[in-house]
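**Q** The structure's right below; bear with me while I get my questions together.
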Amino acid sequence: MFGFSLPKLLFTILIVVLVVYGFKAVSRLQERRDRELAGAKGRRPRAARGARAADAEDMVACPACGTFVPANGARACGRDDCPYPG
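Positions in the sequence shown are counted from 1; adding 24 to them yields this note's numbering.
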């Protein structure tokens with residue numbers, strides 16, 4: 025019942041190959057759509073945009089508890105000796 029046979033092995037390999045190529049085809053279609061959509065809107069494709077500098081934020085260690093908080097707009101960590109407001 026669960027023995028190996030050549031037809032079962034070939035069928036399994038065929039299914040794996042079809043799934044791999046199916047994912048590749050879907051990926052290519054998505055990239056093509058992203059390029060066309062970005063070209064129509066005058067933007068770069070999603071993969072080419074990468075991380076922007078505005079997304080990064082400087083962090084400083086809280087002197088009271090040692091956890092890192094944003095340098096701008098830091099909030100209190102909840103301890104009485106925390107130097108940050110609020």
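Glycine residues also receive a C-beta, built at the ideal position from the N, C-alpha and C atoms.
Let me confirm a value: C89 is counted as buried when at least 16 other C-beta atoms fall within 10 Å, else exposed. Which label applies?
**A** Its Cβ having fewer than 16 others within 10 Å, C89 is exposed.
**Q** Can you tell me whether F26 is helix, strand or coil according to DSSP?
**A** F26 falls in the coil class under three-state DSSP.
**Q** Give the straight-line distance between the Cα atoms of L61 and V43, rounded to the nearest whole angstrom.
**A** Roughly 27 Å between the two C-alpha positions.
**Q** Three-state secondary structure (DSSP) at A49?
**A** It is helical.
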